[in-house]
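Peer 1: Residue numbers (my numbering), protein chains in the order written: chain A, 620 to 1024; chain B, 569 to 781; chain C, 4 to 562.
Following this message is one structure expressed as structure tokens.
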Amino acid sequence: MLRLTTFTLLLLLLTNPLSAQEQQTRTDFTSWPQVLNEARSQTVYFNAWGGEQRNNDFLAWVAARVEALYSIDLQHVKLGDTAEAVSRVLAEKQAGNTDNGAIDLIWLNGENFASMKENGLLFGPWAEQLPNHALLDAENHPEVRYDFTVPVEGMESPWLRAHLVFYYDSELVSAPPLSIPALLDWTSRHPGEFTYPRPPNFLGTTFLKQAALELATTPAALYQPVTEADFEQVTAPLWEFLDRLHPHLLRSGRSFPASGAELRRYMSDGEIALAFSFNPAEAMLAIKNGELPPSVRSYVLSGGTLANVSFLAIPFNARSKAAAMAVANFLLSPEAQARAQDPDFLGSTAVIALSQLNPAQRQLFNFQRHPALPAAEELQRQLQEPHPSWMPALEQAWLQRYSGR
Amino acid sequence: MNPLALHLKQIRIDLHDEQLIALDAVIEPGEILTVMGPSGSGKSTLLAYLAGFLAPVFKASGEIILHERRLDKLPAEQRRIGLLFQDPLLFPHLSVGGNLRFALPPTVSNRKTVIASGLATMGLDGYAERDPATLSGGQRARVALLRLLLSKPEAVLLDEPFSKLDAHLRKEIRQQVFTSLQQAGLPGVLVTHDAEDAAAAGGRIITLSSADD
Amino acid sequence: MLRAAPVLIILLLIGPIMVGLLMVLLPAFGYLPALNATEFTLTHWQELFAVPGLVRSLGISLVAGLLTPILALSLVFLYLATASESWLDRWIRRLVSPLLAVPHAAAAFGLAFLIAPSGLLSRLFSPWMTGWQRPPDLLIINDTYGISLMLGLVVKEIPFLLLMALAALPQLDVQRRVAMARSLGYRPGLAWMKTVAPALYPLLRLPVFAVIVFASSTVDVAIILGPSLPGTLSVMVLGWFSDPDLAHRFLAAAGALLQLGLSLTAILIWMLLEAVARRYNTHWLESGQRHHGEKMIWLLGRGGVSLATILTAGSLLSLLMNAFAGFWRFPASFPDSLVLRHWLSALPSLGQPLLNTVIISLVATVLALALVLAALENEHRHHLKTRSSIWFLYLPLLVPQLAFLFGLVVFTESLQWQPGLPLVIFAHLIFVLPYVFLTLSEAYRRLDPRWSQLAATLGASPNRSFWRIRLPMLLSAWLTAAAIGAAISISQFLPTQLLGAGRVPTITTEAVALASGGNRNIISVWAMVQALLPMLGFMLALSVPRFLWRNRQTMRYLH
């Protein structure tokens, strides 16, 4: 009997997922004073990756600052994987929870953003209404308006930059390869000294995209949806390259690390001498942690490497949208951006344009360069991310070729 | 009808619609009815029925009456029928005294003296704090008997209580048990396949035949 | 009151499981309204069977699911057959609980560092013996056939089965059985194998099933030690569930169902093997052979478990060294320096998670224990046979957590239950209940019924008999069950994270989040913290009875 009732209840829920009343308090999110007023004493659950102590410490500092500035209670929900947060929002939507969500702010990457945007899981547009949005100088830095070529349209706010950099142990390697074709040559002379995380790991797929961009005869095709391109023709050089590369990789390409973290561990254990990361400061941070020897150096490939921007989004049903906006705005402030870039704290790259700052604010960004960081001019050599539809296509094709062999 | 006697009226126990046991008897205070029979004849089933542990597969009818109470519908703990097993079964987590206190009805006052004097009558002076595991076989049997008596039963069932004792102890304990029961004026049912036990009990003897016959 | 207990347990498990299963079943056939999919279709199954490497992946999961229990159980039996009261055996028995307390992922992580080409063993013998200045390029971890995965599983399941066996043995009167067989001329090891083992196995059957389910569906151990191209089915399913492309949820749901089928198939095959073994065993038992094989039993029994103990101790040592290691480059056998930095960085974020962990595990365990005891007591009083509903107990262990918990979140959300401590405790209860039931039921059912009968004839009511006789006599059993329950609760990650919406940080959620950063030192610190709490529980479960029964020989002997 009880079983039946539960079942019926469930079916009702499933067939009627969005029946709950929409009863949003009508806040005018375009009026910043009103937003700040509303934000006061709200709690913001900020779902962000918690894998790095420095990151967690930085967010703890942010929490103290927004408490002092706006009386906002910021709680960092430490995730091992952003999918945990996406699952939660999806479940809430399924259950018809439209205004009482458990997550107020998420740190996203391009693919998750595209997916959440497409499935109506995001609130917005809101990001361009932030006062500090102007500091991005979006006119001259269009990359902050696109997340993996998907137009952001104010549905998320940038907060950090990511850039693919390679790093090597200068005691073991004198001349690291400066391009993808050179990598093949280098690995054949140094077998077992390099590998990459296995797709569909994010960093592994990034390596595929980087290689595809450099090797393709028509790189422009990668900036269109994959359905509009001749996949076979565009990626043929990539597969030829990988087929030749794999025998020279660590474990002869029979096993790949699961993640960027594991790749770094191989480096730390001396199994490999060359690796790469999406965080230009990774090698520096690892040296400070005692994970990597001080002889490690970072660099950018001569033709440029993939770069993108990390964003913050607000779920469609977040409870404290105003406070979430205030936090996102604070993260764009010169104070927060400078702290994020400070090698003693986060060591990341600021997303705001220094040209928009006054001299005093600019002063905040004068740091001594750590030898393991890539040179500032190297970081100018950026390639834009291909269209996100290429990621699953490349992953699928890679698994098809190299899994289960 | 003597209210102190144990009345077993038209007892009949069936297993799978076949009669296993049929019994009709009155056991006077101080008398011990001995039930004999080979293994599988239903001796233990009879005891389980009288004590209140009959497994649901058995179908029983009849009446058990004692002290003008009808017992067969009551749960075991309300029947006031004591049971001596083959093993003394002293609770291993309680001391000797703890075992006895467990049996003593809560209404009894002077619990300490009652137990001390009980132990004394069994020749176990000062054993109250002992771990049952440290007692000899004979001592354990005596504690089990004392525990039974202290629980103030109105009738007693004996399930081959002497079969595991060695020869010289066996006689002594048997004597002690029967004497105690007689002194307490309790009706008893003894199940055994030892003729000596049966003879020593001194009461009527009923022999059950094997169920297979 | 008591009668309600089994119903309550079934509702507690069936409710969430029905929801959970439905939430896997519907998307597997294309129905997930939140993603605007409302048409039933089989395409996701076609997609699933077209996944590259699926067959090998299934094969490895299945083989791991069967070989793990076979090896672990054989080694445990062989060990018990040859165990004595020597210092080594007493030491091994004392180690069982702490080893059990180490979370699977942490143990696997330690083992990986122990046996990797750049690992502790390799460092100990390099370069003076091997000549290696750089780690050799050998495929040891994540090997294609899942050998290191199975090694990790076997090493971790041995303490579990050993503990279960040690808890069950006292009912079997081992010494008398062995003495009897030896008096007939059987060598001691064979005597044990022929008289005790056949009686012990039925008592271990449920735990063995749990091992089968765990080994065929483990995610965390498989990620660390398992093959990668392709990974085990469970790892692939988790990947699909975490894929940014939400369309992968359909594939993930179909995969989760396949995983369920796979674990059930493994159990089915196990039952077939049981039937075969029974036939062969009877022949072996009755052959009268009393010398042949004795040496083998001793060799495998002593060697196998010793090796497993060494491997586990080595894994723990790896964790311990890494938790204090400064810079530590291959081939140094020892870190350049020992530092407290990793611990100090963890300390500030320890307080709240620690408190949450203790509260959640205590409440969940007490609730589970109360429910299980009530259900068992109800069974005892009404002479109920073990019901087939026991299978429901296994479902929380069978259905992949992520799949199942997604449904649970939808369910609790739609009832508008706020995420928080109570909900997390409720979710933990679902996973703690089966293990508490598993560990306690056999001991409870096998307690000599004469104790209760005796108590009744002495005038004790069923309640008095429960509190004064059964509960104290089973003290050791239910304390062990509670310790296992608490350990299970402490190790839960996804239920805590998803049902608490991340708002209830525990030691494990912190550990998993930090583990994703890949810093070996930090991972080791948190793994040790994570292991310490359940270890405390096991130590209590061991020492409380020892203290209470210090003057009760039989009780001490029993355990």
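Even for Gly, the Cβ is constructed at its ideal location relative to N, Cα and C.
Keep in mind it's a predicted model, so treat the numbers as computed, not measured.
Exposed or buried, C/Phe469, counting other C-beta atoms within 10 Å across all chains shown (16 or more means buried)?
Peer 2: Within the third sequence, residue 469 of chain C is the residue found at index 466, counting from 1. Per the 10 Å Cβ criterion, buried.
Peer 1: Is DSSP giving B/Arg647 helix, strand or coil here?
Peer 2: Here residue 647 of chain B is taken as the residue at index 79 of the second sequence, counted from 1. DSSP places B/Arg647 in coil when its eight states are reduced to three.
Peer 1: If you compare alpha carbons, which of C/Gly423, C/Ala430, C/Arg252 and C/Arg506 is closest to C/Trp48?
Peer 2: Here residue 48 of chain C corresponds to residue number 45 of the third sequence, with the count starting at 1. Checked all of C/Gly423, C/Ala430, C/Arg252 and C/Arg506; the closest Cα to C/Trp48 is C/Arg252.
Peer 1: How big is the Cα-Cα spacing for A/Ala943 and A/Thr662?
Peer 2: On the first sequence, residue 943 of chain A is found 324 positions in, with the first residue counted as 1. On the first sequence, residue 662 of chain A is found 43 positions in, with the first residue counted as 1. When rounded, the distance between both Cα atoms is 9 Å.
Peer 1: How would you call B/Gly608, buried or exposed, if buried means at least 16 neighbouring beta carbons within 10 angstroms?
Peer 2: The residue labelled residue 608 of chain B in the question sits at position 40 within the second sequence. With fewer than 16 Cβ atoms within 10 Å of its Cβ, B/Gly608 is classed as exposed.
Peer 1: Could you tell me how far apart the beta carbons of A/Gln713 and C/Pro36 are, in whole angstroms, since I believe they sit closer than 8 Å?
Peer 2: Along the first sequence, one-based indexing puts residue 713 of chain A at 94. Along the third sequence, one-based indexing puts residue 36 of chain C at 33. About 7 Å separates the two Cβ atoms, so the contact holds.
Peer 1: I need the DSSP call for A/Tyr918, collapsed to helix, strand or coil.
Peer 2: Locating residue 918 of chain A in the first sequence gives position 299, where the first residue counts as 1. Reduced to three states, the DSSP call for A/Tyr918 is strand.
Peer 1: Hey, how far is the Cα of A/Ser887 from the Cα of A/Arg938?
Peer 2: Residue 887 of chain A sits at position 268 when you count from the first residue of the first sequence. Residue 938 of chain A sits at position 319 when you count from the first residue of the first sequence. So the two alpha carbons sit approximately 43 Å from each other.
Peer 1: A/Asn666 by DSSP, collapsed to three states: which one?
Peer 2: Here residue 666 of chain A refers to the residue found at position 47 when the first sequence is read from its first residue. DSSP places A/Asn666 in strand when its eight states are reduced to three.
Peer 1: Mind checking who B/Asn570 pairs with in its DSSP beta bridge?
Peer 2: Taking the second sequence and counting its residues from 1, the one referred to as residue 570 of chain B is at position 2. Note: B/Asn570 sits in no beta bridge, so no partner.
Peer 1: So, helix, strand or coil for B/Ser677, using DSSP?
Peer 2: In the second sequence, counting from the first residue as 1, residue 677 of chain B sits at position 109. Reduced to three states, the DSSP call for B/Ser677 is coil.
Peer 1: In angstroms, rounded to a whole number, what distance separates the CA positions of C/Val222 and C/Gly242?
Peer 2: Taking the first residue of the third sequence as 1, we reach residue 222 of chain C at position 219. Taking the first residue of the third sequence as 1, we reach residue 242 of chain C at position 239. Distance between the alpha carbons of C/Val222 and C/Gly242: 10 Å.
Peer 1: Going by DSSP in three states, B/Arg669 sits in which element: helix, strand or coil?
Peer 2: For the purposes of this step, residue 669 of chain B is identified with residue 101 of the second sequence, where counting begins at 1. Three-state DSSP puts B/Arg669 in a helix.
Peer 1: Distance cutoff 8 Å, beta carbons only. Does C/Asn554 sit that close to anything in chain B?
Peer 2: One-based indexing of the third sequence puts residue 554 of chain C at position 551. Judged by the 8 Å Cβ criterion, C/Asn554 is in contact with chain B.
Peer 1: Go to B/Thr775, then tell me how far its alpha helix (DSSP H) extends in each direction, as first and last residue.
Peer 2: Numbered from its first residue, the second sequence carries residue 775 of chain B at position 207. First-last for B/Thr775: Ile773 to Thr775, but that is the beta strand (DSSP E), not the alpha helix (DSSP H).
Peer 1: Residue ranges of each alpha helix (DSSP H) run of no fewer than 4 residues wholly in the stretch 724-784 of chain A, ordered along the chain?
Peer 2: Whole alpha helix (DSSP H) segments, 4+ residues: 729-737.
Peer 1: Looking only at its own chain, which residues have a Cβ that is under 6 Å from the Cβ of C/Ala104, when we skip the five neighbours before and after it?
Peer 2: Here residue 104 of chain C corresponds to residue number 101 of the third sequence, with the count starting at 1. Same-chain partners within the cutoff: Ala490, Ala534, Pro537, Met538 and Phe541.
Peer 1: Please state whether DSSP places A/Phe949 in a helix, a strand or coil.
Peer 2: Stepping through the first sequence from its first residue, residue 949 of chain A is reached at position 330. Helix at A/Phe949.
Peer 1: Check the Cβ of B/Leu651 against every Cβ in chain C and list those closer than 8 Å, keeping chain order.
Peer 2: Sequence index remark: in the second sequence, residue 651 of chain B carries index 83 (1-based). Within chain C, the residues near B/Leu651 are Gln456, Leu457 and Thr460.
Peer 1: Scan the stretch 142-156 of chain C for residues whose Cβ lies nearer than 9 Å to a Cβ of chain A and list them as they occur along the chain.
Peer 2: Result list: Leu142, Ile144, Asn145, Asp146 and Thr147.
Peer 1: Measure the C-alpha to C-alpha separation of A/Leu637 and C/Ala269 and round it to an integer number of angstroms.
Peer 2: Reading the first sequence from its first residue, position 18 is the one you call residue 637 of chain A. Reading the third sequence from its first residue, position 266 is the one you call residue 269 of chain C. Its pLDDT being 40, under 50, A/Leu637 is placed unreliably in this model, and the value from its coordinates should be taken loosely. The alpha-carbon atoms of A/Leu637 and C/Ala269 are separated by roughly 40 Å.
Peer 1: Following a CB-centred definition, is C/Ser309 positioned closer than 7 Å to any heavy atom of the ligand NAD?
Peer 2: Of ligands this structure carries none, so the ligand NAD is not represented either.
Peer 1: Consult DSSP for A/Glu641 and reduce its assignment to one of helix, strand or coil.
Peer 2: Walking along the first sequence from the start, residue 641 of chain A turns up at place 22. Per-residue confidence for A/Glu641 stands at a pLDDT of 38, beneath the threshold of 50, marking its modelled position as unreliable; the derived number appears in the next sentence. Looking at A/Glu641 - three-state DSSP - the assignment turns out to be coil, as it is neither helix nor strand.
Peer 1: Starting from B/Pro673, find everything on chain C with Cβ-Cβ shorter than 8 Å and list it in chain order.
Peer 2: Position 105 of the second sequence, counted from the start, is the residue given in the question as residue 673 of chain B. The answer, in chain order, is Gly462.
Peer 1: Would you kindly work out how many angstroms separate the C-alpha atoms of C/Phe212 and A/Leu688, rounded to a whole number?
Peer 2: As a first step, residue 212 of chain C must be located in the third sequence, where it is residue number 209. As a first step, residue 688 of chain A must be located in the first sequence, where it is residue number 69. When rounded, the distance between both Cα atoms is 57 Å.
Peer 1: Can you check the stretch 310-354 of chain C for any alpha helix (DSSP H) of at least 4 residues that lies completely inside it and give the ranges in chain order?
Peer 2: Listed in chain order, the complete alpha helix (DSSP H) runs (minimum 4 residues) inside the stretch 310-354 of chain C are 344-349.
Peer 1: Can the beta-carbon of A/Phe665 be found closer than 8 Å to that of A/Val946?
Peer 2: Position 46 of the first sequence, counted from the start, is the residue given in the question as residue 665 of chain A. Position 327 of the first sequence, counted from the start, is the residue given in the question as residue 946 of chain A. Yes, they are a contact pair.
Peer 1: So that I know if they touch, is there some Cβ in chain A lying closer than 8 Å to that of C/Thr499?
Peer 2: Your numbering for residue 499 of chain C matches position 496 in the third sequence. Output row for C/Thr499: interface = no.
Peer 1: Determine the closest residue to A/Gly922 out of A/Ser952, A/Arg873, A/Leu931 and A/Leu998, with distance taken between C-alpha atoms.
Peer 2: Indexing the first sequence from 1 puts residue 922 of chain A at position 303. Nearest C-alpha to A/Gly922: A/Leu998.
Peer 1: Going by DSSP, what residue range makes up the beta strand (DSSP E) through A/Ala894?
Peer 2: Reading the first sequence from its first residue, position 275 is the one you call residue 894 of chain A. Segment Leu893 to Ser896, the beta strand (DSSP E) holding A/Ala894.
Peer 1: Could you tell me whether any Cβ in chain C is nearer than 8 Å to the Cβ of B/Gly620?
Peer 2: On the second sequence, residue 620 of chain B is found 52 positions in, with the first residue counted as 1. Yes, contact with chain C.
Peer 1: For C/Gly134, which of helix, strand or coil comes out of DSSP?
Peer 2: Numbered from 1 along the third sequence, position 131 holds the residue referred to as residue 134 of chain C. Of the three classes helix, strand and coil, the one that applies to C/Gly134 here is coil, per DSSP.
Peer 1: For C/Ser494 and chain A, any beta-carbon pair shorter than 8 Å?
Peer 2: By one-based count along the third sequence, residue 494 of chain C stands at place 491. Chain A, which has no Cβ nearer than 8 Å to the Cβ of C/Ser494, makes this no.
Peer 1: Where do the ends of the alpha helix (DSSP H) carrying B/His516 lie?
Peer 2: A query on residue 516 of chain B cannot be resolved here, the shown segment of chain B reaching from 569 to 781 and no further.
Peer 1: Secondary structure at B/Arg580, three-state DSSP: helix, strand or coil?
Peer 2: The count along the second sequence starts at 1 and reaches residue 580 of chain B at position 12. If DSSP states are grouped into helix, strand and coil, B/Arg580 belongs with the strands.
Peer 1: Just verifying my parser: in three-state terms, what is the DSSP assignment at B/Asp693?
Peer 2: Translated into the one-based positions of the second sequence, residue 693 of chain B becomes position 125. Residue state, collapsed to three classes: coil.
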